[in-house]
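Engineer: The structure's right below; bear with me while I get my questions together.
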Amino acid sequence: MSRRDYFSKRTKEISNSAYKKRMLFSFLIFVAFVTAGIFAWKWLNNQPNDQGALKPLRKTLEVNEKLLTSTFDTAKKVKTYDEKDAVKNVRVNGLIGMEKTIDTATWRLQVVRGDGDTLKISLAEIESLPKEDVVFDFKCIEGWSQVTHWAGVPLKTFMDHYHLNGQERMNYVGLQTVDKKYYVGIDMPSALQSQTILCYETNNKPLPMNQGYPLRLIIPVKYGIKHLKQIGTMYFSNQKPPDYWAERGYDYYAGL
4 MSRRDYFSKR TKEISNSAYK KRMLFSFLIF VAFVTAGIFA WKWLNNQPND
54 QGALKPLRKT LEVNEKLLTS TFDTAKKVKT YDEKDAVKNV RVNGLIGMEK
104 TIDTATWRLQ VVRGDGDTLK ISLAEIESLP KEDVVFDFKC IEGWSQVTHW
154 AGVPLKTFMD HYHLNGQERM NYVGLQTVDK KYYVGIDMPS ALQSQTILCY
204 ETNNKPLPMN QGYPLRLIIP VKYGIKHLKQ IGTMYFSNQK PPDYWAERGY
254 DYYAGL
């Protein structure tokens with residue numbers, strides 16, 4: 004055998020040996036990852052439940068919430084659009100808590116300022132306050148979005164008008180539907196963002212019943228689960244108010 008052939012054969016043998024070693028190493032790494040994944044999955048599923056979610060997942064959501072709240076800028080606005088860009092048929096993103104037909108002759112927004120101290124405000128009184136239009140990309144946790152047109156009074160304007168300045172310094176706003184079957188808690192900085200409105204119109208018309216007539220929340224910095232419809236009660240707290248979807252394992256903050 005010539006020297007050239009000998010070295011060619013040795014090179015192939017070394018290459019084949021190195022290839023087999025790499026394949027074996029890769030296979031062992033794959034097995035290790037799969038095994039670790041199985042053990043991690045079993046461990047996770049054996050963890051206690053915390054507000055509708057497994058405790059490690061809830062802790063992760065809470066860490067995300069702290070990061071997002073620490074960087075939230077009340078002065079920063081979400082992207083807005085022209086009215087012509089808004090859809091004419093606004094998609095309904097839920098009907099929980101809206102079984103009742105509301106009569107605005109008797110309906111009142113109940114604003115709980117404290118124990119035994121509740122304001123009862125009519126729709127006409129709310130409509131008499133300065134109105135703002137908001138045209139933005141409404142995002143739902145189901146994965147869809149629409150450019151939609153809404154109008155109403157900014158929540159900050161509403162709170163200032165009714166001298167809720169002490170309540171503004173609290174950590175959260177709680178909202179409930181008239182029948183109290185749907186409820187949300189919202190951090191105060193997001194609630195006071197200038198595009199957050201108590202909404203009574205869509206596409207320049209009164210809200211239809213399935214969009215929360217007579218009054219709903221529009222809060223563009225949050226996913227749709229926070230845009231509570233058919234508001235019956237508003238209150239304030241330094242502790243997190245109950246939240247319908249957070250109790251079922253979703254993110255409490257639900258920010259964009």
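Converting from the sequence shown to the numbering used here requires adding 3 to each position, the first position being numbered 1. Glycine included, C-beta positions come from ideal geometry on N, C-alpha and C. Since the structure is predicted, the reported quantities are computational estimates derived from the model, not experimental observations.
1. For a quick check, are the C-beta atoms of Cys-202 and Leu-210 less than 8 Å apart?
2. I need the straight-line Cα distance from Tyr-216 to Leu-71, nearest angstrom please.
3. I think Ile-234 touches Leu-112, with their Cβ atoms under 8 Å apart; what is that distance to the nearest whole Å?
4. Val-138 and Thr-83 look like a contact to me (Cβ under 8 Å); what is the Cβ gap, rounded to whole Å?
5. Identify whether Gly-169 lies in helix, strand or coil by the three-state DSSP scheme.
6. Grab me the residues of Leu-132's own chain with a C-beta within less than 8 Å of its C-beta, minus the 5 sequence neighbours each way, in chain order.
7. Compare the C-alpha of Trp-147 against each of Asn-96, Asn-213, Ala-78 and name the closest.
8. For a test of the three-state rule: what should DSSP assign to Gln-113, helix, strand or coil?
9. Mind checking Thr-38: buried by the 16 CB within 10 Å criterion, or exposed?
10. In whole angstroms, what separates the C-alpha of Thr-109 from that of Ile-124?
11. Does the contact criterion of 3 or more C-beta pairs under 8 Å hold for the stretch 243-259 versus the stretch 166-178?
12. Determine the closest residue to Asp-254 out of Leu-126, Lys-225, Ile-99, with distance taken between C-alpha atoms.
13. According to DSSP, is Leu-47 helix, strand or coil?
14. For a test of the three-state rule: what should DSSP assign to Ile-221, helix, strand or coil?
15. DSSP puts Val-187 in a beta bridge; with which residues?
16. Closer than 7 Å to a non-hydrogen atom of the ligand PLP - does that hold for the CB of Gly-169?
Structural biologist: Checking against the coordinates, here is how it stands:
1. Their beta carbons are under 8 Å apart, which means Cys-202 touches Leu-210 by this criterion.
2. Tyr-216 and Leu-71 have their C-alpha atoms some 31 Å from each other.
3. Contact annotation, Ile-234 with Leu-112: C-beta distance approximately 6 Å; criterion of less than 8 Å satisfied.
4. Correct: roughly 5 Å between the Cβ atoms.
5. DSSP, read as helix, strand or coil, puts Gly-169 in helix.
6. Cβ-Cβ distances below 8 Å link Leu-132 to Val-156, Thr-160, Phe-161, His-164 in the same chain, with the five nearest sequence neighbours on each side left out; the list follows chain order.
7. Residue nearest to Trp-147 within the set Asn-96, Asn-213, Ala-78 is Asn-96 (criterion: CA-CA distance).
8. Under the three-state reduction of DSSP output, Gln-113 falls in the strand class.
9. Its Cβ having fewer than 16 others within 10 Å, Thr-38 is exposed.
10. Using only the alpha carbons, I get a separation of about 10 Å.
11. Judged by Cβ distances under 8 Å, the stretch 243-259 makes contact with the stretch 166-178, as three or more pairs qualify.
12. The shortest Cα separation from Asp-254 among Leu-126, Lys-225, Ile-99 belongs to Lys-225.
13. Its pLDDT being 49, under 50, Leu-47 is placed unreliably by the model, and the measurement read from it follows with that caveat. The DSSP-derived three-state label of Leu-47 is helix.
14. Here Ile-221 sits in strand by DSSP.
15. The secondary-structure analysis by DSSP pairs Val-187 across a beta bridge with Leu-178.
16. The model depicted lacks the ligand PLP and carries no ligand whatsoever.
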